[in-house]
Amino acid sequence: MKQAMSPEEIKAKKPYLDWSLSEAEYDYISQQLLGRLPNYTETGLFSAMWSEHCSYKKSKPVLRLFPNKNARVLQGPGEGAGVVDIDDGQAVVFKAESHNHPTTVEPYQGAATGIGGILRDIFSMGARPVASLDSLHFGELTDAQTKMKVTGTVRGIGDYGNCMGIPTVAGETTFDPCYQGNVLCNAMSVGLMDQKDLQKGKAAGIGNAVMYVGAKTGRDGIHGATFASADFSDENATQRSAVQVGDPFMEKLLLEACLEVITKHPDWLVGIQDMGAAGIVSSSAEMASEGHSGMELDLDLVPQREAGMSAYEIMLSESQERMLLCVNKGHEEDVKKVFDFYDLEAVTIGRITAGHQYVLHHDGEVVCDIPVSSLTDDVLEESSEEQKPARIVAAEQAPAWQPHITDVEATLRSLLQQSTVADKSSLYQQYDSQVRTNTVVGPGSDAGVIRVRGTHKGLAMTTDGNGRFVYLSPKVGGQIALVEAVCNIIASGAEPLAITDCLNYGDPNDPEIFWELHQSVQGMAEACRVFDTPVISGNVSLYNENNGQAIHPTPMVGMVGLVKNLDHVIPSFVQQPGDRVYLVGQTGDDYAGSELQKMLQGEISGTLADFDLEPVRDYLHRLLKLMQAGKVASAHDLSEGGLGVALSETLFKTDLGMDLDLRHLTADQFFSETPGRLVVTVPAEFAADFESTMGGDAAMVGTVTNSHWLQARLANAEINQNVSELQQLWEEALPCQLKSKD
Amino acid sequence: MKIAVIVFPGSNCDIDIYEALHTVCGADVDYVFHKQESLAGYDAVMLPGGFSYGDYLRAGAIARFAPVMGAVVEMARAGKPVFGTCNGFQILTEAGLLPGSLKRNDSQQFVCKTVPLEVVSNRTLFTSQYQEHERIALPIAHADGSYYADRETLDRLEAHHQVVFRYAEENPNGSLRNIAGICNERGNVLGMMPHPERAVEEILGSTDGLRLFKSLLANGSVKVEE
Amino acid sequence: MTKVRIFVTYKPSVFDPQGDTIKKTIHNLGHDEVKDVQVGKFFDVTVEGTGDQVDATVKEIADQLLVNFNMETYTYQVMEEHQ
Amino acid sequence: MTKVRIFVTYKPSVFDPQGDTIKKTIHNLGHDEVKDVQVGKFFDVTVEGTGDQVDATVKEIADQLLVNFNMETYTYQVMEEHQ
Ligand SMILES: Nc1ncnc2c1ncn2[C@@H]1O[C@H](COP(=O)(O)OP(=O)(O)O)[C@@H](O)[C@H]1O
Ligand SMILES: [Mg+2]
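Residue numbers (the UniProt record's numbering), protein chains in the order written: chain A, 1 to 742; chain B, 1 to 226; chain C, 1 to 83; chain D, 1 to 83.
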């Protein structure tokens, strides 16, 4: 296949600018790295590999702030997924990935292939995916387009995960106008493995085979990586070419075949990696780089679905359900037999070579001959300008907003119907949350809990992020994202292990946005250190903008915790009449960015108060000890809507009520969103123990009752609400808003 | 008694049935791959849930042609216990071992939740340990679970006590006459949309499905006469 | 070589929730002039041979695989035929 | 009143996992004479009005709802037309 342009024409016409490679980068490549002009194929490879999505050239300096080690971390960032020791020779493997742009353009396939991609990351490490989570952020449910995006996205996640037979056990769904033109779809997968099966994406050993397995390569998703790294406008939306179709059935077979090779035939395999963004080029170059090897591939051998694909198209295609293996010389046929059994293709497309060159043959020509490291390691890191946003400077001068609630009951009822607060079961019911019969706690609780079959251990998992807080005060907002995840994990009775993240932001070339990124990562990193939850994997999604309007900075935290004894999994709803109700943590006047403010003002404003992480950690650890000792009946953390909403949620789906003395709180404070708080119920017999351990960090506020009423006295108001009625409002809100008028 | 759990490409509840029978009930169970043509030596066969062949075309439509299906049909004809849940039920109808079909849910959405059921008949190998008209609750997880058959077929099913499970409160998928599970006339082939294998351990929230497997094991290698 | 388009629909007596939902959505989008929507699938099948041979193949694959006669029916139409 | 049949298919460059799986099954059933299978959906839509009016409606509902232009294309054909 002829090159579409000569090197000289490329230099003159600069097509790479459309592929998001800058002129400075192009010059650096030709003058410093190659000492000649790159040809068309090479230019394409550089533009994909040097995109933000593959190279993290802008975000790297910021990502270095994250801690990523502790005694349990077996594999930190840099591989398909991070790996954490969970004792007994076992490990948990997890990672999150964003698929925001594809989901915005084509919700169903975008979300589906998002799940497909993250699952491949997990099984490429040698782990079997055991659970998925999804963090979704949409615009307000006011227009038909957004409703269709919600239904399409949820259906896409469901169809892919359900078909794979991997339960989706938790997630989050929020709604805010800032996501109207740019949906966030972050998917997280959690896998389980024996530590001895740990794999790396490595290619080494001169003469060893590079094998391509799985689906054929087509022209779909070409330039997906650069597409994901460039911002959006309605103009782009009509070009719409970078969408791939997922085939979960194929992926299920691929998963089984790969795990069979990895776990049963470790002597055949040198390394394995999935083909994600930038397809063959990124997987092969990264594997060669990791193994300090050279590599030579013959593109004519790549299984192709369409005739006449150019080298450039073959290398950059993002066709789904494909993996790359490095196989010890002599075992190519053995590997092929395993894939044959699953009716999958497995083809040797190249070899490991001496030296460090990356050489591609196509149609009898050498179409690429460059050092491996020029693609993977020599990327020009970009320093970015940053500037504190004017809105934050202004907000710091302005007086804090106070709600002045007069009708606390009506406020509670309205809050329960806000789309972000309302029951999400109509969405997550579309996910199989129980397949493989390990789900101890499914969606609808603080964290999902999966048992580790054959042991008495479990894994708790959650995703959390609140763009509103980060928008108002990026650093505190970053801390809160982590604290909320910790609270959700601890509320289920688990010990936080580590996190993955998706950093979703606008255009980093805007100094204010880069500042938000930098500050919020600092906040997260600080909190990670305090809670000893290192960042073991993650993903950056920049350029989340629509027609120049950026989303709220929305870092998503995906956390996994270890349940040491499944007998002590803590439910999020009340258990027994007579149990004591405690409010753990202090409540302040924290309304900036709250659901209450959004509801009453129509927009958010203000700045967040700084808070001390260490005291929160200390009382949460004491609470966890009490849980592990079997002294806590239920726990639920406070998030959107504050205490009022949390109390209601602990009563839903039970036939119990509460009688509470909250005279130390005002009606306003009933909905304040001070972070780090939980509602905990404790059997009366353990009340004394609980109080002596928790001291001033927990306040006894009442008891669980037999009547299905939420009754509370506040400093300046009273609440007397039938729980069934509250539950109905909460349950019906979302389906009603989603259903188009008919 | 030796039981085969069939693994089709795309099956994903195979392990759930296997574990329910093997780990929870202590039964003698094997996975049998779809390419195997014989089921010699097995006394019962289980078709698990999942998405065989991606459920492309229609749920269960392609699995019916798998090499192992000839042997499954033989087992059914021989009066040995044949059980299908979810995708297994869909395959049994596509293979003609049970009447009717499973259509897309009325909501057109996949639905995963626990629903109340009535045990309509305990006169099968699989339900003998339940009370007739007993209320139980089992998880469902499907997009194509709306049972459809023409009126005569439905009347015949009722007349011959072939309706084994019915949705007891809400009907989650639009299935006719609230049918959740049916058996053949001889009572040795049972298909149902709910997943009893997901309700066999307290830690998973319910044990309402356990007696289905216990019934099967208690009835041992019973062969139902024609 | 013959290219045949095989249309599969629910029998008229079988309720099709999909068509119904799409109609409602179309109305919500403001197109009240749309009075009815029915949904079906089609298979474009390229078969070696022509005429009766092709008819026989179409009938067999429809009977065996493509159509579930409990609830579906089909029709087909030859789109292209080359000797 | 006009009855229109709208055909929606994947764009040629998009992989159709369904068609592929069905083709394999047809081959397994012994019909090697079947060379290609592609799957599509069709919508039989009854629209008030005739001619250009109907064309406009079809175009709009296809654009907004029935067709996903990222990966699909459509054609349509008037089946019946009544004044
Ligand atoms: N997209 C989703 N997928 C799965 N579960 C979800 C999703 N959205 C919400 N949920 C579930 O709904 C419940 C409420 O979510 P959320 O309000 O975010 O909880 P929290 O405030 O405790 O983090 C949680 O159990 C969560 O797992
Ligand atoms: Mg929570």
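Heads up, the beta-carbon is just placed ideally off N, CA and C, and yes, glycines get one too.
Given the structure is predicted, the values throughout are model-derived calculations rather than measurements.
Asked: Taking DSSP as the reference, what is the three-state secondary structure of A/R663?; Found: coil
Asked: Let me make sure I understand the geometry here. Which of D/K3, D/V34, D/F42, D/M1 has the alpha-carbon closest to that of D/Y10?; Found: D/F42
Asked: Can you tell me which of the three DSSP states A/A453 falls into?; Found: The question names Ala, but residue 453 of chain A is Arg in the sequence shown. DSSP places A/R453 in coil when its eight states are reduced to three.
Asked: With distances taken Cα to Cα, identify the nearest neighbour of A/T650 among A/E526, A/D697, A/N539, A/L416.; Found: A/L416
Asked: If you run the structure through DSSP and keep just helix, strand and coil, what is B/S11?; Found: strand
Asked: Along chain D, in chain order, which residues have C-beta atoms closer than 8 angstroms to that of C/E80?; Found: Ordered by position in chain D, no residue passes the 8 angstroms Cβ test against C/E80, which lies about 12 angstroms from the chain.
Asked: Please tell me whether A/L259 and A/Q75 are closer than 9 angstroms, where the distance is taken between their beta carbons.; Found: no
Asked: Please look up how many angstroms separate the CB atoms of A/T607 and A/S473, rounded, as I've assumed it's under 8 angstroms.; Found: 5 angstroms
Asked: Should A/T41 and A/A311 be called a contact, given that it needs their Cβ atoms to be closer than 9 angstroms?; Found: yes
Asked: Can you tell me which of A/D579, A/G588, A/G477 puts its alpha carbon nearest to the alpha carbon of A/M556?; Found: A/G477
Asked: Once the 5 residues before and after B/R64 are set aside, which same chain residues still bring their CB inside 7 angstroms of it?; Found: I91, E94, A95
Asked: Hey, could you find the ends of the beta strand (DSSP E) A/F138 is sitting in?; Found: 128-138
Asked: Out of C/D32, C/V37, C/F7, C/V4, which one is the CA nearest neighbour of C/D20?; Found: C/V37
Asked: Could you tell me the boundaries of the alpha helix (DSSP H) in which D/E80 lies?; Found: D/E80 -> not in any alpha helix (DSSP H); beta strand (DSSP E) instead, spanning 72-81.
Asked: What's the C-alpha gap between B/A4 and B/S101?; Found: 24 angstroms
Asked: Taking a Cβ distance cut-off of 7 angstroms, strictly less, list which residues of the region 64-80 of chain B are near chain C, in chain order.; Found: none
Asked: According to DSSP, simplified to helix, strand and coil, what is A/W709?; Found: strand
Asked: Whole angstroms are fine: how far does the CA of B/N105 sit from the CA of A/Y114?; Found: First, the amino acid is wrong: residue 114 of chain A is Gly here, not Tyr. So the alpha carbons of these two residues sit roughly 25 angstroms apart.
Asked: To the nearest angstrom, report how far apart C/A56 and C/N68 are at their CA atoms.; Found: 18 angstroms
Asked: Of the choices C/V4, C/I6, C/V14, C/T2, whose alpha-carbon is the least far from that of C/M71?; Found: C/V14
Asked: Given 8 angstroms as the limit, is there contact between the region 199-219 of chain A and the region 345-354 of chain A, that is, 3 or more CB pairs closer than that?; Found: yes
Asked: Would a C-beta distance cut-off of 9 angstroms place A/F66 and A/A485 closer than the cut-off?; Found: no
Asked: Output, in chain order, the set of chain C residues within a Cβ distance shorter than 8 angstroms of B/R104.; Found: P17, Q18
Asked: If you draw a straight line from the alpha carbon of B/V163 to that of A/G158, how long is it in whole angstroms?; Found: 30 angstroms
Asked: Express the C-alpha separation of D/T75 and C/V52 in angstroms, rounding to a whole number.; Found: The question names Val, but residue 52 of chain C in the sequence shown is Asp. Roughly 28 angstroms separates the two Cα atoms.
Asked: How would you list, in chain order, the residues of chain D whose beta-carbon sits under 9 angstroms from the beta-carbon of B/G57?; Found: The residue asked about is misnamed: residue 57 of chain B is Leu in this sequence, not Gly. The answer, in chain order, is Q18, T21, I22, T25, V39.
Asked: With respect to the beta strand (DSSP E) encompassing B/C183, which residues constitute its N-terminal and C-terminal limits?; Found: 179-183
Asked: Looking at the unbroken beta strand (DSSP E) that takes in A/D369, where does it start and where does it end?; Found: 365-371
Asked: Taking a cut of 9 angstroms between CB atoms, which residues from the region 58-69 of chain C lie near chain D?; Found: E60, I61, Q64, L65, L66
Asked: Could you round the C-beta distance between A/R580 and A/A687 to whole angstroms and report it? I think they count as a contact, below 8 angstroms.; Found: 5 angstroms
Asked: Alpha carbon to alpha carbon, how far is B/N219 from C/T25? Give it in angstroms, no decimals.; Found: 52 angstroms
Asked: Taking Cβ positions only, does D/V34 come closer than 9 angstroms to chain C?; Found: yes
Asked: Distance check for B/A159 and B/E152, CA to CA, integer angstroms please.; Found: 10 angstroms
Asked: Span of the beta strand (DSSP E) holding A/S541?; Found: 535-541
Asked: Along chain D, in chain order, which residues have C-beta atoms closer than 8 angstroms to that of C/V47?; Found: E33, V34, K35
Asked: If the criterion is Cβ atoms closer than 9 angstroms, does the pair A/D464 and A/A491 meet it?; Found: no
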